[in-house]
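A.B. asks: Sequential numbering of the sequence shown, starting at 1, is according to UniProt numbering.
Just passing along the structure, written as structure tokens.
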Amino acid sequence: MKNLELKTLYGFEFVKAGVFYLAETPWKIQSRGWEIRASLELVSEKFRKADETVYLVYSDDDLVYVGEYT
């Protein structure tokens with residue numbers, strides 16, 4: 001994985017693993033009755049193996065959300 005895009009926030013470096021987008025067809029989680037249109041296009045499929053992730057959501061250059069997934 002070469003040429004990964006990095007972001008620095010409060011002295012920590014984060015690698016851009018993908019881009020969120022709204023899917024035309026929602027994911028359906030029948031056990032919960034949910035339909036979710038948010039989807040993620042990964043830069044590399046290797047990121048699927050990550051045990052923990054922190055995600056930063058930007059609108060243009062403005063940070064609007066920070067989340068964690070374990």
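Virtual Cβ for every residue (Gly too), placed ideally from N, Cα, C.
All of these numbers come straight from a predicted model, not from anything done at the bench.
1) If we ignore side chains and look at the alpha-carbon of each, how far apart do isoleucine 36 and lysine 28 end up?
2) Which residue comes first and which comes last in the beta strand (DSSP E) that contains aspartate 62?
3) Is the beta carbon of valine 43 closer than 8 Å to that of alanine 17?
4) Near leucine 4, which residues of its chain fall below 8 Å by C-beta distance, leaving aside the five closest residues on each side in sequence?
C.D. replies: This is what the structure holds:
1) Mapped onto the sequence shown, residue 36 falls at position 36. Mapped onto the sequence shown, residue 28 falls at position 28. Take the alpha-carbon of isoleucine 36 and the one of lysine 28: they are about 7 Å apart.
2) Translated into positions along the sequence shown, residue 62 becomes position 62. Start and end: 62-69.
3) In the sequence shown, residue 17 corresponds to position 17, counting from 1. In the sequence shown, residue 43 corresponds to position 43, counting from 1. For alanine 17 and valine 43, yes; Cβs fall inside 8 Å.
4) Numbered from its first residue, the sequence shown carries residue 4 at position 4. So the list reads Val15, Lys16 and Val43, once near-sequence residues are dropped.
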